[in-house]
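Participant: Chains as they are written, first to last, in my numbering: chain A, 11 to 230; chain B, 11 to 230; chain C, 85 to 334; chain D, 85 to 334.
Don't be surprised by glycine CBs; every beta carbon is placed ideally from N, CA and C.
Keep in mind that this is a model prediction, so the values were computed, not measured.
Please read through the structure below; I'll follow up with questions.
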Amino acid sequence: MTTRISRNELAARIAADIPEGSFVNLGIGAPTLVANFLPADEEIILHTENGLLGMGPAPEPGRIDPDLINAGKQPVTALAGAAYFHHADSFAMMRGGHLDVCVLGAFQVSQTGDLANWSTGAPGAIPAVGGAMDLAIGAKDVYVMTDLLAKDGSSKLVAACAYPLTGVGCVSRVYTDHAVFDVTPAGFAVREAFGDNTIEELRALTGLELVDAATSVEGN
Amino acid sequence: MTTRISRNELAARIAADIPEGSFVNLGIGAPTLVANFLPADEEIILHTENGLLGMGPAPEPGRIDPDLINAGKQPVTALAGAAYFHHADSFAMMRGGHLDVCVLGAFQVSQTGDLANWSTGAPGAIPAVGGAMDLAIGAKDVYVMTDLLAKDGSSKLVAACAYPLTGVGCVSRVYTDHAVFDVTPAGFAVREAFGDNTIEELRALTGLELVDAATSVEGN
Amino acid sequence: MIDKTVPDVETAVAGIPDGATVMIGGFGRAGQPVELIDALIAHGAKDLTIVNNNAGNGDVGLAALLATKRVRKIVCSFPRQSDSWVFDGLYRAGEIELELVPQGNLAERIRAAGAGIGAFFSPTGVGTELAVGKETREIRGRQYVLEHPIFADVALISARAADRWGNLVYRETARNFGPIMATAAATTVVQVDEIVPLGSIDPETVVTPGLFVDRVVAVGQRAWLQGGTFVGGVDIEGRPLVADTEEAAR
Amino acid sequence: MIDKTVPDVETAVAGIPDGATVMIGGFGRAGQPVELIDALIAHGAKDLTIVNNNAGNGDVGLAALLATKRVRKIVCSFPRQSDSWVFDGLYRAGEIELELVPQGNLAERIRAAGAGIGAFFSPTGVGTELAVGKETREIRGRQYVLEHPIFADVALISARAADRWGNLVYRETARNFGPIMATAAATTVVQVDEIVPLGSIDPETVVTPGLFVDRVVAVGQRAWLQGGTFVGGVDIEGRPLVADTEEAAR
């Protein structure tokens, strides 16, 4: 039986990889959980696309400020040292490569680092892209946070994305409930398998020739 | 004998054409004189390329502030209602067409509105363009303030500029010591001849077929 | 004397013609100029193209405008939200046209219009269906897509305070698209909490210089401020929490 | 804890290699980071490319750097000034290369580097010799010239105050190129009058967020301020007026 860590455990795992002093954007949805696991004694500066660096946690009840929200339109706070700016400046930060890390959700990630996370391409679906395409191409490291398998059991790590792309060759690492994968020139490399998971099991689940990072140090 | 008004009279003449509420950039040199003749009871907002709207007059002695200068690097003041901004924002104001009027000097202006005011193209001269090219193409109305004749007696109003261009087809009006000329599809039109100057004299001085604005209303 | 203040929202939106392209500030509800939108609805202009990051929330503001069916087209990055039912219905019924633009391209295209840029090569969207049909180019080893400015006839935005020259300061993340939309529209109309005396805004802190502003109207202080200071007591939509508490106590 | 402050100007400019492209803030003398330039001179890096609006004034700051003959090339809009004799001599002797850029293109190219823009069509310079050899294009009936970003290895800029995260506020027209150069350089080094406690700069008034800043060094208050308040008493070059008065009295 394969090991699957929880959404919170995965958020904590990602948080552990973010060095102090990083400028980080956490995408809408599950990635926002990462904020809960950033170490309280370290300074990591959160960016939200709607014009704030130094975003803090949700406010106390009664202290909700409708002018102070995150990209998911949830109420947040601003830390000492925060800065507000307009949308062109905010996206210049992303697009100019000034963010160290962004964490995004995904429908699919290809072994060349293509990301599909904005549209399933389903007929009749209302498309919405927001800042996903800008984040995907802008941050120095684009981390994906996702279950390894979709609800239908298919792998979200794929040879080539079937869903409409968000960005080409932009993902550097994928954190899943089964394992952590680096995107390398040779394809996905298993950086860390959780619990008793083996690379053979992961190969079976994904149908991909995964590189064993532990045995291919020289190869990469 | 032809009438030539003084530099200050010319500045006053230009100032009289600037409506209240205008956003105006006065180029380095003679155009800065225009500020002295703007009516004290009207609000006209001066822009300086180095990051200020609402520029005021020179400071009192002892109150010079080296951080507060105009494009000519002279000390200025800031009026109530002023705003500071960085260089990209400042030139976005120009280039985006948000200034109503700029007043520039000239070596030559062509009858199609080309402006030459940044370089004589002389061998060995050190070129310097500053913000002249941005102002020339950016303001809604580009007024030139100049003597009609160069020191060698040649006309600064020409069929085609011999000096390197600052901008193509950008000048809307030329204020000279002899007369005011509009740039029209039919060439220079004499808007106002100072003193006893006649259009025939101006034609002789410039060697150009000048349109008599007074008799060609329908033509333009 | 320059005085860009107007007495009421009706005057603020006067003259907006049918067929106009109207930029509307805000990111979700934050910074959305609801009073100006209501005035635009009352004004009655139709066949509009609206530029906004979203496509309305709930049944107020932009959503209410859409509900009038006077919007032919919307240009935005993120129409689909949990409470975007008005737009969703119109879109599914084929009653509104959608131009979907990645948010950074949307912002930069608006800025480009205000800054006189003819077009620019953007890193965003390359290789995606939102770049289909657009010119691409490799520059310094990277692919870019050519994006063009978005101009508007009118921008309706919200700021915290203005002086009579139209200098603006905003509040927190309600700033969002306001400063760039102000630069991209032929006529920029601003609703503010209050008009302050000329000279009372520190020139170092002006975010939008009055150069970009045509009309300013005061609509009163937002419910979560008192004397300009945050006091809270509202939910994320700005409704008093007291009512909820009373309901819960019943 | 994030602390971008460094103890002295030597540390601030440490590691700038020979051959580096160095942006230097300032418009004339206003905002010119003279103490950092002096440290760069002492540091000794050579074969530099300098990006600045001008080419130095008098014999101090940027002019003093040029006088060391360690600058291979300068990119600027307005080298020729009444007091640019150091540059003038080098240029006439063929000892320095000049790339002359219209000031708005210079500013926008620097911004483009920081904002991830591949290239942009500019309205400025069309039909002039400064556009010779550059791609032009008609867009919406107007001619534009394609301009590319200017990147730097290092930016040396001056601001009024910073906190330890590197958030910056500037002073008056000394702001000029600082905010955009900070975005375009791999390493941004800032001299400030004072380091203030984190949280003491109002987040609404931060001009350069710390995101763009790598090192901050305090160099003490400018001569015309006392306790942060303007007191004057200097000439346009920042020299005390008292001396002149005494000289005049002799």
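Can you round the beta-carbon distance between B:Val86 and B:Ile54 to whole angstroms, since I take them to be within the 8 Å contact cut?
Facilitator: Going by Cβ atoms, the distance from B:Val86 to B:Ile54 rounds to 15 Å, so no, they are not a contact pair.
Participant: Thinking C-alpha only, which one of A:Glu70, A:Asp77, A:Lys83 is nearest A:Thr42?
Facilitator: Looking at the Cα atoms, A:Lys83 is the closest of the given residues.
Participant: List in chain order: all unbroken beta strand (DSSP E) runs of 3+ residues lying wholly within the region 207 to 251 of chain D.
Facilitator: Fully enclosed beta strand (DSSP E) runs of 3 or longer: 220 to 223, 226 to 231, 236 to 246.
Participant: Just verifying my parser: in three-state terms, what is the DSSP assignment at B:Thr12?
Facilitator: Three-state DSSP puts B:Thr12 in coil, outside helix and strand.
Participant: Tell me whether C:Ser168 counts as near the ligand SAM, meaning its Cβ is closer than 7 Å to at least one heavy atom of that ligand.
Facilitator: Absent from the structure shown: the ligand SAM. Ligands present: none.
Participant: Nearest to B:His188 by CA position, among B:Leu78, B:Arg213, B:Leu48, is which residue?
Facilitator: That would be B:Arg213, whose Cα lies nearest to the Cα of B:His188.
Participant: State whether the region 173 to 181 of chain A contacts the region 122 to 139 of chain A, with contact taken as three or more CB pairs (one from each stretch) at a distance under 8 Å.
Facilitator: They touch, by the three-pair rule.
Participant: Specify whether the region 142 to 157 of chain C and the region 104 to 123 of chain C touch according to this definition: at least 3 beta carbon pairs, one from each stretch, less than 8 Å apart.
Facilitator: Yes, since at least three Cβ pairs between the region 142 to 157 of chain C and the region 104 to 123 of chain C fall closer than 8 Å, the two stretches touch.
Participant: For A:Asn35, report the span of its beta strand (DSSP E) as first-last.
Facilitator: Counting along the chain, the beta strand (DSSP E) containing A:Asn35 begins and ends at 33 to 36.
Participant: Within a Cβ cutoff of 7 Å, which residues of the same chain sit near A:Leu89, ignoring the five residues on either side of it in sequence?
Facilitator: Cβ neighbours of A:Leu89 beyond the five flanking positions: Gly64, Gly66.
Participant: Per DSSP, A:Tyr7 forms a beta bridge with which residues?
Facilitator: A question about residue 7 of chain A goes unanswered here, because the residues of chain A that appear run from 11 up to 230.
Participant: Taking a Cβ distance cut-off of 7 Å, strictly less, list which residues of the region 151 to 174 of chain C are near chain A, in chain order.
Facilitator: So the close ones are Ser161, Phe162, Pro163, Arg164, Asp172.
Participant: Quick check: the Cα distance between D:Leu150 and D:Val159, rounded to an integer number of angstroms?
Facilitator: Rounded to whole angstroms, D:Leu150 to D:Val159 spans 13 Å at the Cα level.
Participant: Would the beta-carbon of C:Gly283 fall within 8 Å of that of B:Gly91?
Facilitator: Yes, the pair counts as a contact, with Cβ atoms nearer than the cut-off.
Participant: B:Phe47 lies in the alpha helix (DSSP H); which residues open and close that run?
Facilitator: That residue, B:Phe47, is in no alpha helix (DSSP H); it is neither H nor E in DSSP.
Participant: Please identify, using Cβ separations under 7 Å, the residues of the region 130 to 157 of chain B that lie next to chain C, in order along the chain.
Facilitator: Hits within the stretch, in order: Gly148.
Participant: Pick out the complete alpha helix (DSSP H) segments inside the region 56 to 127 of chain A, 4 residues or longer, and give them in chain order.
Facilitator: List check, alpha helix (DSSP H) in window: 97 to 105.
Participant: Taking the alpha-carbon positions, what's the A:Leu49 to A:Val200 distance?
Facilitator: Note that residue 49 of chain A is Pro in the sequence shown, not Leu. Approximately 26 Å between the Cα atoms of the pair.
Participant: Between the region 304 to 321 of chain C and chain A, which residues of the former have CB atoms less than 8 Å from a CB of the latter, in chain order?
Facilitator: Cβ contacts with chain A: Arg306, Trp308, Phe314, Gly316, Gly317, Val318, Asp319, Ile320, Glu321.
Participant: Using a beta-carbon distance below 8 Å, is B:Met65 in contact with chain G?
Facilitator: Absent from the structure is chain G; the protein chains it does hold are A, B, C and D.
Participant: In chain D, what lies closer than 7 Å to A:Glu53 by C-beta?
Facilitator: Near A:Glu53 (Cβ distances below 7 Å), the residues of chain D are Met85, Ile86.
Participant: Give the residues of chain D in contact with A:Gly177, contact being defined as C-beta atoms less than 7 Å apart.
Facilitator: Neighbours of A:Gly177 on chain D: none; closest Cβ ~13 Å, over 7 Å.
Participant: I'd like to know if A:Ala68 contacts chain C, where contact means its C-beta is closer than 8 Å to some C-beta of that chain.
Facilitator: Not closer than 8 Å to any Cβ of chain C, the Cβ of A:Ala68 fails to qualify, so no.
Participant: For D:Asp172, report the span of its alpha helix (DSSP H) as first-last.
Facilitator: First-last of the alpha helix (DSSP H) with D:Asp172: 169 to 176.
Participant: Strictly below 9 Å CB to CB, what residues from chain C border A:Pro234?
Facilitator: Because chain A spans 11 through 230 in this model, residue 234 of chain A falls outside it and cannot be assessed.
Participant: What residue does the beta strand (DSSP E) around D:Gln305 start on, and which one ends it?
Facilitator: Counting along the chain, D:Gln305 falls outside any beta strand (DSSP E), and DSSP gives it neither H nor E.
Participant: Determine the extent of the alpha helix (DSSP H) in which D:Gln187 is found, giving its start and end residues.
Facilitator: First-last of the alpha helix (DSSP H) with D:Gln187: 187 to 199.
Participant: For the beta strand (DSSP E) that A:Arg201 lies in, which residues bound it at each end?
Facilitator: Run containing A:Arg201: 197 to 203, per the beta strand (DSSP E) assignment.
Participant: Please check the pair D:Ala246 and D:Met107, which I expect to be a contact at CB under 8 Å, by giving their CB distance rounded to whole angstroms.
Facilitator: Rounded, the Cβ-Cβ distance is 18 Å, inconsistent with contact.
Participant: Can you give me the Cβ contacts of A:Ser32 inside the same chain, cut-off strictly under 6 Å, excluding the 5 residues immediately before and after it?
Facilitator: Correct list, in chain order: Ile54, Asp110, Val111.
Participant: Counting only C-beta atoms, is C:Arg334 closer than 8 Å to chain B at any point?
Facilitator: At C:Arg334, the pLDDT of 46 sits below 50, so the modelled position is not reliable; the number obtained from the coordinates is stated separately. So, not an interface residue.
Participant: Can you tell me where the beta strand (DSSP E) with B:Asp192 in it begins and where it stops?
Facilitator: Segment 189 to 194, the beta strand (DSSP E) holding B:Asp192.
Participant: Using Cβ-Cβ distances below 8 Å, what residues of the region 215 to 227 of chain C are close to chain D?
Facilitator: Listed in sequence order: Arg221, Ile223, Arg224, Arg226.
Participant: Tell me where the beta strand (DSSP E) around D:Asp277 begins and ends.
Facilitator: Segment 269 to 279, the beta strand (DSSP E) holding D:Asp277.
Participant: Decide if A:Lys166 is buried, meaning its Cβ has at least 16 other Cβ atoms within 10 Å, or exposed.
Facilitator: A:Lys166 should be labelled buried.
Participant: Does the region 260 to 279 of chain C touch the region 302 to 320 of chain C, meaning 3 or more C-beta pairs lie closer than 8 Å?
Facilitator: Yes: at least three Cβ pairs fall under 8 Å.
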